[in-house]
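In our numbering, the protein residues as written are -18 to 224. Virtual Cβ for every residue (Gly too), placed ideally from N, Cα, C. From a predicted model like this one, the values you see are computed outputs, not experimental measurements. Here is the structure we will look at, set down as C-alpha coordinates.
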Amino acid sequence: MLERVRIVLVNTSLPANIGAAARAMKTMGLVQMVLVAPKIFPSPEADTLSSGATDILAQARVVSSLDEAIAGCRLIIGTSARSRHIPWPLLNPRAAAAQAWAELPTGEVALVFGREDRGLTNDELHKCHYHVHIPTNPDFSSLNLAAAVQVLAYEMRMRSLEDDQVEAPFWGVDWDIDAAPAEDIERLFVHLEQVLVKVDFLDPENPRQLMTRLRRLFLRSRLDTVELNVLRGFLTAIEKSSK
(Lines of atoms letter the chains of each structure in order from A and count residues from 1; the text may use other names and numbers.)
(Lines give C-alpha, C1' and ligand atoms only; values in the text may rest on other atoms or scores of the structure.)
Protein backbone atom coordinates (compact mmCIF):
# COMPACT_ATOMS: atom_id res chain seq x y z
CA MET A 1 0.00 0.00 0.00
CA LEU A 2 3.00 2.30 0.29
CA GLU A 3 2.77 2.75 -3.47
CA ARG A 4 -0.47 4.68 -2.87
CA VAL A 5 1.29 7.36 -0.84
CA ARG A 6 2.06 10.55 -2.76
CA ILE A 7 4.94 12.68 -1.57
CA VAL A 8 4.05 16.16 -2.82
CA LEU A 9 6.78 18.83 -2.82
CA VAL A 10 5.52 22.36 -3.42
CA ASN A 11 7.66 24.94 -5.21
CA THR A 12 10.98 23.41 -4.15
CA SER A 13 13.89 25.78 -4.76
CA LEU A 14 16.91 23.48 -4.65
CA PRO A 15 17.17 20.46 -6.94
CA ALA A 16 19.46 18.88 -4.33
CA ASN A 17 16.50 18.71 -1.96
CA ILE A 18 14.39 16.97 -4.59
CA GLY A 19 17.12 14.38 -5.10
CA ALA A 20 17.61 13.86 -1.36
CA ALA A 21 13.84 13.51 -0.90
CA ALA A 22 13.79 10.83 -3.61
CA ARG A 23 16.52 8.98 -1.72
CA ALA A 24 14.52 9.24 1.51
CA MET A 25 11.46 7.87 -0.24
CA LYS A 26 13.19 4.93 -1.87
CA THR A 27 14.85 3.79 1.35
CA MET A 28 11.38 3.48 2.88
CA GLY A 29 9.61 1.93 -0.10
CA LEU A 30 7.64 4.96 -1.31
CA VAL A 31 7.55 5.55 -5.06
CA GLN A 32 5.14 8.40 -5.90
CA MET A 33 6.72 11.85 -6.08
CA VAL A 34 4.72 14.84 -7.33
CA LEU A 35 6.46 18.18 -7.82
CA VAL A 36 4.40 21.37 -7.83
CA ALA A 37 6.15 24.05 -9.91
CA PRO A 38 9.73 23.22 -8.86
CA LYS A 39 12.27 25.97 -9.52
CA ILE A 40 14.68 23.63 -11.35
CA PHE A 41 13.81 20.11 -12.51
CA PRO A 42 15.09 17.86 -13.95
CA SER A 43 18.63 18.49 -12.78
CA PRO A 44 21.94 16.61 -12.65
CA GLU A 45 22.25 17.81 -9.04
CA ALA A 46 18.98 16.11 -8.14
CA ASP A 47 20.21 12.90 -9.78
CA THR A 48 23.47 13.04 -7.82
CA LEU A 49 21.84 13.71 -4.44
CA SER A 50 19.34 10.90 -5.01
CA SER A 51 22.21 8.42 -4.52
CA GLY A 52 20.73 5.96 -6.99
CA ALA A 53 17.04 6.76 -6.56
CA THR A 54 16.92 8.13 -10.10
CA ASP A 55 13.96 5.87 -10.90
CA ILE A 56 11.88 7.92 -8.43
CA LEU A 57 12.97 11.12 -10.19
CA ALA A 58 12.38 9.69 -13.65
CA GLN A 59 8.76 8.87 -12.89
CA ALA A 60 8.07 11.99 -10.80
CA ARG A 61 5.09 14.02 -12.00
CA VAL A 62 5.53 17.76 -12.44
CA VAL A 63 2.33 19.82 -12.13
CA SER A 64 1.57 23.51 -11.93
CA SER A 65 -0.71 23.59 -8.88
CA LEU A 66 -1.38 21.83 -5.61
CA ASP A 67 -4.91 21.07 -6.80
CA GLU A 68 -3.44 18.99 -9.63
CA ALA A 69 -1.06 17.24 -7.25
CA ILE A 70 -3.76 16.09 -4.82
CA ALA A 71 -6.47 15.32 -7.39
CA GLY A 72 -8.11 11.98 -6.65
CA CYS A 73 -6.67 11.65 -3.15
CA ARG A 74 -8.83 10.41 -0.31
CA LEU A 75 -6.76 12.00 2.44
CA ILE A 76 -4.44 15.04 2.37
CA ILE A 77 -2.00 15.76 5.19
CA GLY A 78 0.08 18.94 5.06
CA THR A 79 3.25 19.62 7.02
CA SER A 80 3.14 22.69 9.25
CA ALA A 81 5.93 24.10 11.41
CA ARG A 82 3.87 26.65 13.30
CA SER A 83 0.54 27.10 15.01
CA ARG A 84 -2.24 28.84 13.08
CA HIS A 85 -4.62 31.67 13.89
CA ILE A 86 -7.48 29.26 13.28
CA PRO A 87 -6.42 25.85 14.62
CA TRP A 88 -6.66 22.83 12.32
CA PRO A 89 -6.72 19.12 13.27
CA LEU A 90 -3.05 18.42 14.08
CA LEU A 91 -1.18 15.10 14.18
CA ASN A 92 2.33 14.06 15.04
CA PRO A 93 4.18 11.95 12.43
CA ARG A 94 3.29 8.61 14.02
CA ALA A 95 -0.39 9.46 14.30
CA ALA A 96 -0.35 10.79 10.73
CA ALA A 97 1.09 7.50 9.48
CA ALA A 98 -1.54 5.54 11.38
CA GLN A 99 -4.32 7.69 9.93
CA ALA A 100 -2.91 7.36 6.44
CA TRP A 101 -2.49 3.60 6.76
CA ALA A 102 -6.09 3.17 7.87
CA GLU A 103 -7.31 4.90 4.71
CA LEU A 104 -4.89 3.57 2.10
CA PRO A 105 -6.96 0.43 1.38
CA THR A 106 -9.65 2.60 -0.20
CA GLY A 107 -7.65 5.33 -1.92
CA GLU A 108 -4.49 7.37 -2.24
CA VAL A 109 -3.05 9.64 0.43
CA ALA A 110 -1.01 12.80 -0.16
CA LEU A 111 1.71 13.97 2.23
CA VAL A 112 2.38 17.59 1.28
CA PHE A 113 5.62 19.47 2.00
CA GLY A 114 6.17 23.18 1.46
CA ARG A 115 8.97 25.47 0.42
CA GLU A 116 12.35 25.32 2.11
CA ASP A 117 12.17 28.88 3.43
CA ARG A 118 8.52 29.29 4.40
CA GLY A 119 6.67 26.01 4.10
CA LEU A 120 3.10 25.87 2.86
CA THR A 121 0.88 28.94 2.56
CA ASN A 122 -2.32 29.21 4.55
CA ASP A 123 -4.35 28.66 1.39
CA GLU A 124 -2.43 25.45 0.69
CA LEU A 125 -2.82 24.22 4.25
CA HIS A 126 -6.55 24.89 4.02
CA LYS A 127 -6.77 22.19 1.35
CA CYS A 128 -5.57 19.57 3.84
CA HIS A 129 -7.72 17.41 6.12
CA TYR A 130 -4.98 17.32 8.75
CA HIS A 131 -1.74 19.11 9.51
CA VAL A 132 1.30 17.23 10.76
CA HIS A 133 3.98 18.78 12.96
CA ILE A 134 7.38 17.19 13.53
CA PRO A 135 8.28 17.89 17.18
CA THR A 136 11.83 19.13 16.72
CA ASN A 137 14.11 20.63 19.37
CA PRO A 138 12.52 24.02 20.19
CA ASP A 139 15.99 25.53 20.56
CA PHE A 140 16.99 24.39 17.06
CA SER A 141 13.95 23.60 14.97
CA SER A 142 15.50 23.99 11.51
CA LEU A 143 14.70 20.83 9.56
CA ASN A 144 15.84 20.19 6.01
CA LEU A 145 13.07 19.38 3.52
CA ALA A 146 14.47 15.94 2.70
CA ALA A 147 14.86 15.20 6.42
CA ALA A 148 11.18 15.99 6.94
CA VAL A 149 10.30 13.65 4.08
CA GLN A 150 12.51 11.00 5.70
CA VAL A 151 10.69 11.29 9.04
CA LEU A 152 7.23 10.81 7.55
CA ALA A 153 8.40 8.13 5.09
CA TYR A 154 10.00 6.22 8.00
CA GLU A 155 6.77 6.37 10.01
CA MET A 156 4.81 5.10 7.00
CA ARG A 157 7.23 2.18 6.59
CA MET A 158 7.14 1.30 10.27
CA ARG A 159 3.36 1.34 10.15
CA SER A 160 3.44 -1.04 7.18
CA LEU A 161 5.74 -3.45 9.04
CA GLU A 162 3.69 -3.75 12.20
CA ASP A 163 2.40 -7.24 12.88
CA ASP A 164 -1.20 -6.14 13.37
CA GLN A 165 -1.98 -4.60 10.00
CA VAL A 166 -5.76 -4.95 10.17
CA GLU A 167 -7.03 -1.43 10.65
CA ALA A 168 -10.54 -0.34 11.42
CA PRO A 169 -11.88 1.94 8.71
CA PHE A 170 -11.95 5.67 9.42
CA TRP A 171 -15.42 5.63 11.01
CA GLY A 172 -14.98 2.23 12.71
CA VAL A 173 -17.23 0.50 10.17
CA ASP A 174 -17.11 -0.20 6.43
CA TRP A 175 -18.57 2.87 4.74
CA ASP A 176 -21.15 2.42 1.99
CA ILE A 177 -19.92 5.25 -0.26
CA ASP A 178 -16.45 6.34 -1.40
CA ALA A 179 -14.92 9.47 0.10
CA ALA A 180 -15.26 12.57 -2.06
CA PRO A 181 -12.01 13.29 -3.95
CA ALA A 182 -10.10 16.50 -3.35
CA GLU A 183 -11.03 18.15 -6.64
CA ASP A 184 -14.78 17.70 -6.02
CA ILE A 185 -14.47 19.14 -2.54
CA GLU A 186 -12.73 22.20 -4.00
CA ARG A 187 -15.65 22.64 -6.43
CA LEU A 188 -18.01 22.51 -3.44
CA PHE A 189 -16.13 25.34 -1.72
CA VAL A 190 -16.24 27.47 -4.87
CA HIS A 191 -19.99 26.84 -5.22
CA LEU A 192 -20.59 27.48 -1.51
CA GLU A 193 -18.78 30.81 -1.59
CA GLN A 194 -20.72 31.92 -4.67
CA VAL A 195 -24.05 31.13 -3.01
CA LEU A 196 -23.12 32.78 0.29
CA VAL A 197 -22.23 35.97 -1.57
CA LYS A 198 -25.42 35.80 -3.62
CA VAL A 199 -27.68 35.55 -0.55
CA ASP A 200 -25.70 38.32 1.23
CA PHE A 201 -24.41 36.03 3.96
CA LEU A 202 -20.78 36.58 2.93
CA ASP A 203 -19.45 40.04 2.22
CA PRO A 204 -16.60 39.60 -0.31
CA GLU A 205 -15.20 42.99 0.77
CA ASN A 206 -15.04 41.84 4.40
CA PRO A 207 -15.00 38.03 4.39
CA ARG A 208 -13.36 37.72 7.81
CA GLN A 209 -12.55 34.00 8.29
CA LEU A 210 -15.92 32.60 7.23
CA MET A 211 -14.73 30.43 4.32
CA THR A 212 -11.72 29.24 6.29
CA ARG A 213 -13.96 28.05 9.12
CA LEU A 214 -16.39 26.41 6.70
CA ARG A 215 -13.46 24.65 5.00
CA ARG A 216 -12.34 23.34 8.36
CA LEU A 217 -15.86 22.15 9.16
CA PHE A 218 -16.38 20.24 5.92
CA LEU A 219 -12.86 18.82 5.73
CA ARG A 220 -13.19 17.59 9.31
CA SER A 221 -16.45 15.81 8.46
CA ARG A 222 -14.79 13.83 5.61
CA LEU A 223 -17.65 14.03 3.10
CA ASP A 224 -18.46 11.05 0.91
CA THR A 225 -19.55 11.48 -2.72
CA VAL A 226 -23.28 11.21 -2.03
CA GLU A 227 -23.11 13.72 0.81
CA LEU A 228 -21.18 16.11 -1.41
CA ASN A 229 -23.74 15.76 -4.20
CA VAL A 230 -26.56 16.44 -1.70
CA LEU A 231 -24.82 19.64 -0.62
CA ARG A 232 -24.24 20.73 -4.21
CA GLY A 233 -27.91 20.09 -4.98
CA PHE A 234 -28.94 22.06 -1.91
CA LEU A 235 -26.80 25.01 -2.99
CA THR A 236 -28.27 24.86 -6.51
CA ALA A 237 -31.78 24.93 -5.02
CA ILE A 238 -30.89 28.01 -2.98
CA GLU A 239 -29.58 29.71 -6.13
CA LYS A 240 -32.83 29.00 -7.99
CA SER A 241 -35.04 30.18 -5.14
CA SER A 242 -33.10 33.43 -4.72
CA LYS A 243 -33.53 34.57 -8.34
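Strictly under 8 Å for the Cβ-Cβ distance: is A1 near chain C by that measure?
Although the question refers to chain C, the structure presented lacks it and comprises just one protein chain.
Residues in the same chain with beta-carbon distance under 8 Å from E167, minus the five sequence neighbours each way, listed in chain order, please.
D48, K108
List the DSSP bridge partners of T60.
V113
Residues bridged to E89 by DSSP?
C54
For A81 and D154, the rounded distance between their alpha carbons
Contrary to the premise, residue 154 reads as Val rather than Asp in this sequence. So the alpha carbons of these two residues sit roughly 16 Å apart.
From the DSSP secondary-structure annotation, give me the bridge partner or partners of I(-12).
M14, L92
Taking Cβ to Cβ, would you say A27 is nearer than 8 Å to P(-4)?
yes
Tell me which residue opens and which closes the alpha helix (DSSP H) that V44 is part of.
Element bounds for V44: not the alpha helix (DSSP H) but the beta strand (DSSP E), 42 to 44.
By a C-beta neighbour count over all protein chains shown, 10 Å radius and 16 as the cutoff for buried, is G53 buried or exposed?
exposed
At the level of alpha carbons, what is the spacing between K7 and R75?
19 Å
Any idea which residues DSSP pairs A160 with across the strands?
D205
Counting pairs of Cβ atoms below 8 Å between the segment 122 to 132 and the segment 15 to 27, do you hit three or more?
no
In the DSSP assignment, what residue or residues form a beta bridge with L72?
V113
Mind checking who G0 pairs with in its DSSP beta bridge?
Its beta-bridge partners do not exist; DSSP assigns none.
Would the beta-carbon of M(-18) fall within 8 Å of that of A134?
no
With distance defined between alpha-carbon atoms, name the residue in H114, G88, L169 nearest to L198.
L169
Write down the C-beta distance between H58 and V130 rounded to the nearest angstrom, noting that I regard them as a contact closer than 8 Å.
Note that residue 58 is Ile in the sequence shown, not His. Rounded, the Cβ-Cβ distance is 13 Å, inconsistent with contact.
Taking the alpha carbon of A34 as the reference point, which residue from A5, T60, F94, V15 has its own alpha carbon closest?
A5
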